[in-house]
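One structure is given here, and the rest of the page talks about it.
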Amino acid sequence: MKMFFGSFLSVGSLLSLVALGLLSLMIWFVLPALTMGGAEPFQSMLTRASMIVSLFVMSFAYKLRGWLADRNRNQKLEKAVVEDPSQPESESTDPAEFKTKFEEAINLLKKLKSPSSKGHYLYNLPWYMLIGPPGVGKTTALINSGLHFPLMDRFGAAVRGVAGTKSCDWWFTDQAILIDTAGRFTTQDNQVDRDKKDWNTFLSLLVKYRKRKPINGIIVAYSVDDLVSKDEADLIADAKMIKRRVYELYDTLKIKFPVYLVLTKLDVLPGFDEYFATLDNEGREQVFGTTFKLSEQDVDPVSRYLIEHRLLVERLQVKVLDVLKQESDQSKRDAAYIFPRMMASLQDRIALLIDSSFTATRFEQPIMLRGAYFTSGNQNGSVLDKVISGLSAHLGRARSSENRPGKSFFIKHLLQEVVFKEGGLAEQNTRFEKIRSTLYVTICVSMLLATIGMSVLWYQSYLKNTEYLHQFEVAIVEIELLSQSLAESDHSLERILPVLHKARDLPFGYAKLNEKESWLKGAGLNQTGKMQSEAVALYERSLLNVLLPRFIFFIENRLLHAQETTYDDLTMYQILEGSVERDDDFIRRYLQRVVSKEGQMPGDGLGQHIFHLLDILPNHYAPSLNQELLEHAQRRVLQQPAANRLLDQVQHEAKRLQLRPYHLLDLVGSQGVLIFSVQGKSIQDTLIESHFTRQAAQLFFAEQTDHLARIISKDAQVLGYDSMLEERYKTDVFRQYLQQYQEAWLHALQSIELTDTADSQAKIRTIETLTQAGSPLTQLLSMVRSNTEFSALFVSPEILIEQGLDLNSLDELALLNQDYFNVLSLETMPVLLHLHQLANPNDAGQFERLSQLYVQLNELSVFLKGLQGSINLERAAWMQASQHQGMSDVVTRLENEMSRLPEPISGWVAQLINSAKAQTGAQARSYIQNQWSSNVVPACRDMIEDRYPFSTHASREMTLRDLTTYFAAGGIVDRYFQEFLSPYVDRSRTPWRWQKITGFESVGVNTLLRQIELSHRIQNMFFGPGGQTPSLSFELVPRDVDPSILKVTLVVDNEELSYSHGPKLGRRFTWPSANLSTQSFARLVIETAENSESLTERGEWSLFRLFDKGQITSLDSERYLLEFRTRKGTPLSFELIAGSVYNPFDANLFKSIRCH
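In full-length UniProt numbering, the protein residues as written are 1 to 1156.
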């Protein structure tokens, strides 16, 4: 604790005390001036004293927490050193004895701490780690280093967590802590897994307990003995292990630290003892080696060392004469003489060691090698005889074999003056320091900002409150000026809005009456309480004196001019007086209706002012109304039908009560959703309004409820009629409600339709769903009956008769509300009555009709299933259509039953029938189209496509044989027609049509039918009825020939027509020509005075090709005009008389034939 209280004498602690003092002065002298909502919480001296004491207690606690954390960290580190799990048990050291020694060592170090350590005796001492292969003399060097080990006097040895150096020794000096690690940690070549695990565990302890700076540096020890005796491969292997350990330290500790290379056992070199024999203690403590400059850290360490090594050897060589002068023994002189040369011989080996251990590649982090040094501990003898024997023989000297005295050389100052003094070179853990410094800066900045912020906040609060007072005073003056500008005769609601807005929006006025001001907003200087009461009073006066009279005038003006909303005006008028109960929902509707529909009331915030006016009216006075105007308006409204007015109130009341609308989904159930829809949309989104539901009917018209009574009672208050009219109005409302109720349900039912689908399986599923147990149709009828048969909702007629009431007397039935439904339900619409009967299980006849419908629908489903199960569905559909049976019988029975069903059920059945017909017809159509494509189209493409005369400019021609094969009676087209289409086609008129019973009509088959009709015309043209040989007869008569043309000759095979301006005699031609032994041809020769022109075509279709050279114009069904022109454009024409109305001279006929 002495250390703890001593920590308060630091500069930081003194600054903290000064800050606490200043803050205490602010609390004591400034806080009493602060107010919160009119209160002064800091006037009490006890309160302020408690706050100041709390500040000092918190500061003391913070300081104590830091001190305890430091102590806990040191204790954990001590415990970790004592109980290092990486250290195995030793047979030579008792763990309990070691723990006792270590604790005594820690206590001794506490006493030896420097005054600046603040009690951090273990954590703040620099830590250095010694690493190197086994047997390099690390421990010996430390023992003989000459350093002051405070524990050596007490314990006589280093504190170890284990025996010997199997793991690590902890050497505590008064300047640093040295961790002498076992050589196996470096080499990890014996028990690899254990060594590696112990090494990593040891490093993790360093990171855990010395987060900021785990170590201050490492000393890499390597013996000159190994340097000289090992071959190059072994030396490089040792160097790489050292390098690997260094980088493991870098990676694990996350800091950069200096590395010192210490070459131990220098005394094993011949001549060492002789050369340094004259050195005293101070000489042996000096540094023997080189320290690199910090500015040259980026320079290659090998080149730096080679320079320094040569300089070192030169100095040794210079001093060798002085050594020789002081030595009289010749053998020692010889040994001292060769020592510089022996040192020089180490140059390349040391360079190889440095290069392999400390030179980083461009992918590695540079190692901070501070220097290379030579030391010698207490080593006796030499194992380098074989290395130096050659050199000794060369010099002609025999090496002395006597034992040398044990002394340490060049260790103490190396550690004290070089290594320990560079303890600050090691970096601290960057991440930890960044977090620590960031936290410290954040706390300081936060405290500074808080102090500045509070000062600024108070100053701003003072300015703001001053500004608020000024704004309040200015607003009061503006309101007074605006009020004075309003004339009493000015009844405009729009022109008073600025006054009302200003009064309502006064700073801290009525608009913010229920808002709680945050203390932070005023920072204790809030003056709003003084302004709010005056602002509220001013706004209320504005409502009563400015708004109220003008709003009354507005309503009276509307009542006077008989608006459509007179009833609402009357209600609002009397709400102001208080004679009608206030209804906020009505008021909102009234304001919205007036503003949005009639546009006579400005809507910008006026509604809020009216609600505020109604809020304060009960606390003041009721305005006086114009009773004469009120009564006149009431009489005018009473002349209108009451039912519509009251039903409108019922609708609004249902919405106010949030009654649930009736979803059509509830009608058909979850299965019905799959088959029913509403005009193409999901049935789930369709509903019946909430006031036309069973719940609403029972709520408003059942005996046990009084909602309708209250609506009529309020209506009576507004219009001022007596109870006699109330009862009559009930009857009118019942009747009107019933009618609208049924219309709403009928409209909903008529909007429902079966979901249309082209999928046959879906159609079958629809029928099965309709006819299954718990059918959606049965559910729909049941739900319609329970919601629209009013006698089922209330008391039955039998009970009324038992009570002696006359069902035909509405006056007697007026005794009970529900009695009206028993009478009025007799007026139910016929469609609903029929639906009720179908759903009534007590009506055996009607219920049987529904069952019969399901049976016949099942027959349709069975038929469609059978059709779907056919191997060839399309052929089966065609055969059903061609045989006029099967489906026709089922449909006939269904259509007969459908005629006896009410809507909308009959419509749904008709939809199913038509859909089934269309589906079957579509499948049959697909079959005949497929037959056309497979039986006719390939032949058409081979015989007709791209051939003359079906393609005018084609070079290839259709042969007459192919013409017969394709078009003649019994040909390809005729056979197809007779087999597949003949029964279904109406050929009584042109164009041909499908028989009505087939349902084949579609774009695809209509095109097919058109092609067959055209083929039939070609058959009639070339073959006639039943003909098998193409034949065509026609007559040509010259008609108009220009005088410049002397002669015209037309030759077709063996037949010829000539004309030279004589009698116009015709000639009959036959195509193709009979008994023609040569190739068929057609030629037109035109002779003029100047020259002769001719047109010649050859082939079976030569006649048609020649006529294509001219122009054919129809004169009537059998006569055509054939016109040619010479090269100069001179015209000549023939009249072509066909042998029949079926003739091929209309070129469009051939072009219309298509092969698809």
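The beta carbon of each residue, even a glycine, is placed where N, CA and C say it ideally should be. None of the values given here were measured: they were computed from a predicted structure.
**Request:** Starting from Gly669, trace the alpha helix (DSSP H) both ways and give me its first and last residue.
**Result:** Leu664 to Gly672
**Message:** Quick check on DSSP: helix, strand or coil for Ser775?
**Reply:** coil
**Request:** Please name the residue, chosen from Arg1105, Gln761, Lys1128 and Glu1135, that lies closest to residue 1175 on a Cα-to-Cα basis.
**Result:** Given a span of 1 to 1156 for the chain in the structure shown, any question on residue 1175 remains unanswerable.
**Request:** Following the continuous alpha helix (DSSP H) through Ser926, name the residue where it begins and the one where it ends.
**Result:** Ile905 to Asn935
**Asked** In terms of residue numbering, what span does the beta strand (DSSP E) encompassing Pro258 cover?
**Response** Pro258 to Thr264
**Message:** My output table needs one value for Ser117: the three-state DSSP class, helix, strand or coil.
**Reply:** With a pLDDT of only 48 at Ser117, under 50, the local geometry of the prediction cannot be trusted, and the value read off the model is given with reservation. Helix, per DSSP.
**Request:** Output yes or no for whether 9 Å exceeds the beta carbon distance between Gln460 and Met368.
**Result:** no
**Message:** By DSSP's criteria, Met368 is part of a beta bridge. Which residues make up the other side?
**Reply:** Pro258
**Prompt:** Under a Cβ-count criterion, where at least 16 other Cβ atoms within 10 Å of its own Cβ denotes burial, should Ala537 be classed as buried or exposed?
**Reply:** exposed
**Prompt:** Which word fits Leu15, buried or exposed, when buried means at least 16 other C-beta atoms lie within 10 angstroms of its C-beta?
**Reply:** exposed
**Request:** Under 8 Å by Cβ, that's how I've got Leu426 and Lys213 pegged, so tell me the actual separation to the nearest angstrom.
**Result:** Here the sequence assigns Ala to residue 426, which means Leu is not the residue at that position. Right, the Cβ-Cβ distance comes to about 6 Å (below 8 Å), so this counts as a contact.
**Prompt:** Would Phe223 pass as a contact of Val268 if the rule is Cβ separation under 9 Å?
**Reply:** The sequence as given places Ser at residue 223; Phe does not occur at that position. Yes, they are a contact pair.
**Item:** Buried or exposed by the 16-neighbour rule on C-beta atoms within 10 Å, applied to Ser934
**Value:** exposed
**Item:** Closest Cα partner of Ser532 within the set Gly720, Ile476, Met572 and Leu754
**Value:** This sequence places Gln at residue 532; Ser is not what is there. It is Ile476.
**Prompt:** How would you label Thr952, buried or exposed, when you count the other beta carbons within 10 angstroms and need 16 or more for buried?
**Reply:** exposed
**Message:** One question on the structure: do Leu206 and Ile215 come within less than 9 Å of each other, judged by their Cβ atoms?
**Reply:** yes
**Message:** Tell me which residues share the same chain as Leu486 and place their Cβ nearer than 8 Å to its Cβ, disregarding the 5 neighbours each side in the sequence.
**Reply:** Arg495, Ile496, Val499 and Val546
**Message:** For a test of the three-state rule: what should DSSP assign to Pro1038, helix, strand or coil?
**Reply:** strand
**Request:** Counting only the same chain and skipping the five closest in sequence on each side, list residues whose C-beta sits under 6 Å from that of Gly578.
**Result:** Ala622
**Request:** Identify, in the order they occur along the chain, each residue of the same chain with its Cβ nearer than 8 Å to the Cβ of Glu274, setting aside the five sequence neighbours on each side.
**Result:** Val323, Glu327, Lys332, Arg333, Ala335, Ala336 and Phe339
**Prompt:** How long is the line joining the alpha carbons of Glu248 and Phe374, rounded to whole angstroms?
**Reply:** 25 Å
**Asked** Excluding five sequence neighbours on each side, which residues of the same chain lie with their C-beta closer than 7 Å to the C-beta of Ser782?
**Response** Ala839
**Message:** Distance check for Gly271 and Ala277, CA to CA, integer angstroms please.
**Reply:** 10 Å
**Asked** Is it the case that the Cβ atoms of Tyr128 and Phe409 are separated by a distance below 9 Å?
**Response** no
**Asked** Looking at the structure shown, is Cys168 part of a helix, part of a strand, or coil, going by DSSP?
**Response** strand
**Message:** Between the region 283-294 and the region 340-359, can you find at least three pairs of beta-carbon atoms closer than 8 Å?
**Reply:** no
**Request:** Going by CA-CA distance only, name the one from Phe363, Lys464, Lys138 and Ser851 that's closest to Thr778.
**Result:** Ser851
**Asked** Which whole-angstrom value is the C-beta distance of Ser690 and Ala654, which I expect to be below 8 Å?
**Response** 5 Å
**Request:** Please state if the CB of Arg1083 and the CB of Tyr948 are separated by a distance shorter than 9 Å.
**Result:** no
**Request:** Find out if the Cβ-Cβ distance for the pair Met343, Val318 is shorter than 9 Å.
**Result:** no
**Prompt:** Where do the ends of the beta strand (DSSP E) carrying Ser677 lie?
**Reply:** Phe676 to Val678
**Item:** Spatial distance of Thr1126 from Ile1086 (CA atoms)
**Value:** 8 Å
**Request:** Could you tell me how far apart the beta carbons of Thr186 and Gly132 are, in whole angstroms, since I believe they sit closer than 8 Å?
**Result:** 6 Å
**Request:** Check whether the Cβ atoms of Ser357 and Leu203 sit closer than 9 Å, and answer yes or no.
**Result:** no
**Request:** Spatial neighbours of Met601 within its chain, please: CB distance less than 8 Å, with the 5 preceding and 5 following residues excluded, ordered by chain position.
**Result:** Low local confidence applies: a pLDDT of 49 at Met601 is under 50, so the model's placement there is unreliable, with the coordinate-based value given in what follows. The answer, listed in chain order, is Leu493, Phe554, Leu591, Val594 and Val595.
**Prompt:** Can you tell me whether Leu481 is buried or exposed, with buried defined as 16 or more other CB within 10 angstroms of its CB?
**Reply:** exposed
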